[in-house]
Amino acid sequence: NKPHYDCPSENDPKQRRVAYTNGPGCNYVPPYPKGSCITLKLDPIEPSPKSTQNVSPAQAQSKKAPQPNQRQESNKSSGSGFYVSGDGYLITNAHVVDSCRTIIAIDGTGRRTPLRVVRILQSDDLALLKANTATKSFAVFRESSRINQGEAVVAYGFPLAGLLASGGNVSTGLVTALAGLRDDARQMQISAPVQPGNSGGPLVDSRGLVIGVIVSKLDAIAVARITSDIPQNINFAIKSSSVINLLAMSSV
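With the numbering used here as the guide, the letters of the sequence shown map in order to residues 1058 to 1309.
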């Protein structure tokens, strides 16, 4: 009962930006592209203002820069990311890699791969990274203009690194709104639970196609202080159209 997905033509660059393939038959198994997700181990120079002041629990946590008598090893943070091409390009959030001196990808087998930043799009909170190795598994995108309110989605990532399972975590939910905070059309609201470290991970549909990138969640404690009520499952993802635009700008 494995579904069949038609692969786009290799001679149609526009189509390949919308749906990256993995060769004949696509080799994608729901609910997410097998082998395409990694955890990013980060070593920031110092905490960025965005990471320390405006970060929500879904975003990567950055510790303060170490004092002279502290070990640099303690100044690490983590996020999620996923491959978007066979030649080693990856997507994550810009806030995940802000102020990082080194970026190391660790896949499900524990293999460590150095990454470099190719382009950062702060307006959409996206970062394009590059590994010097090829991959056989990478994401297939679905155009976000076809996303429907109420459809089922799956969030995949590596939250709470060092505490939860190192092989990745899956959570499920719905597209609860087609816009983000204050009607931000670049994002969508989802009910799939996310935790610190989920930032930069893929949001996929029931066929395993990527429709967004996990970016943040509503600060429940801050809202509760104002409203005396705790908001539930109000999380956000960047729509895939923004990712596709970033890849097009970068000729990926």
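Idealized CB from N, CA, C, for every residue including glycine.
Buried or exposed for residue i, please, with buried defined as at least 16 other CB atoms from any protein chain shown within 10 angstroms of its CB.
i: S1308; result: exposed
i: A1249; result: buried
i: I1204; result: buried
i: I1287; result: exposed
i: A1305; result: exposed
i: I1283; result: exposed
i: R1158; result: exposed
i: D1182; result: buried
i: S1285; result: exposed
At which residues does the alpha helix (DSSP H) containing residue i begin and terminate?
i: A1277; result: A1277 to T1284
i: L1304; result: S1297 to M1306
Using the Cα positions of residue i and residue j, report the straight-line distance between them to the nearest angstrom.
i: V1232; j: S1263; result: 12 Å
i: S1066; j: N1150; result: Low confidence applies here, because S1066 scores a pLDDT of 37, under 50, leaving its location unreliable; read the following figure in that light. Near 29 Å, if we compare the C-alpha coordinates of N1150 and S1066.
i: V1300; j: G1145; result: 16 Å
i: K1133; j: I1160; result: 10 Å
i: Y1140; j: I1148; result: 6 Å
i: V1153; j: P1253; result: 11 Å
i: D1155; j: R1176; result: 12 Å
i: F1215; j: V1261; result: 15 Å
i: Q1206; j: V1267; result: 16 Å
i: V1211; j: G1230; result: 6 Å
i: S1180; j: L1220; result: 31 Å
i: Q1289; j: V1251; result: 11 Å
i: L1303; j: L1178; result: 8 Å
i: P1194; j: I1291; result: Checking the displayed sequence, the identity of residue 1194 turns out to be Ser instead of Pro. Their Cα atoms are separated by approximately 31 Å.
i: G1138; j: D1240; result: 26 Å
i: G1143; j: S1256; result: 22 Å
i: L1036; j: P1171; result: With the chain covering only 1058 through 1309, there is no way to say anything about residue 1036.
i: P1259; j: L1275; result: 18 Å
List the endpoints of the continuous beta strand (DSSP E) containing residue i.
i: A1249; result: Where A1249 is concerned, there is no enclosing beta strand (DSSP E), given that its DSSP letter is neither H nor E.
i: A1212; result: A1209 to G1214
i: V1141; result: Element bounds for V1141: n/a, residue is neither H nor E.
i: V1267; result: V1267 to K1274
i: A1151; result: Looking at the DSSP string, A1151 is not in any beta strand (DSSP E); the run it does join, the alpha helix (DSSP H), is A1151 to V1154.
i: I1287; result: From DSSP, I1287 is part of no beta strand (DSSP E); its letter is neither H nor E.
i: L1355; result: Lying before the first or after the last residue shown, residue 1355 is absent from the chain, which here runs from 1058 to 1309.
i: R1158; result: C1157 to I1163
Going by DSSP in three states, residue i sits in which element: helix, strand or coil?
i: R1243; result: coil
i: R1168; result: coil
i: A1188; result: strand
i: L1238; result: helix
i: S1202; result: helix
i: V1313; result: The structure shown has nothing for residue 1313, since the chain only spans 1058 to 1309.
i: S1228; result: strand
i: S1180; result: helix
i: A1222; result: coil
i: V1175; result: strand
i: L1217; result: coil
Should residue i be counted as a contact of the ligand NAD given a C-beta to heavy atom distance under 8 Å?
i: A1196; result: Looking at this structure, you won't find the ligand NAD or any other ligand, since it has none at all.
Would you call the stretch 1219-1239 and the stretch 1181-1197 in contact, with 3 or more CB pairs under 8 Å?
-> no
Inter-stretch contact at 8 Å, needing at least 3 Cβ pairs: the stretch 1285-1305 / the stretch 1234-1249 = yes
Determine contact between the stretch 1160-1180 and the stretch 1275-1282, defined as no fewer than three beta-carbon pairs at a distance below 8 Å.
-> no
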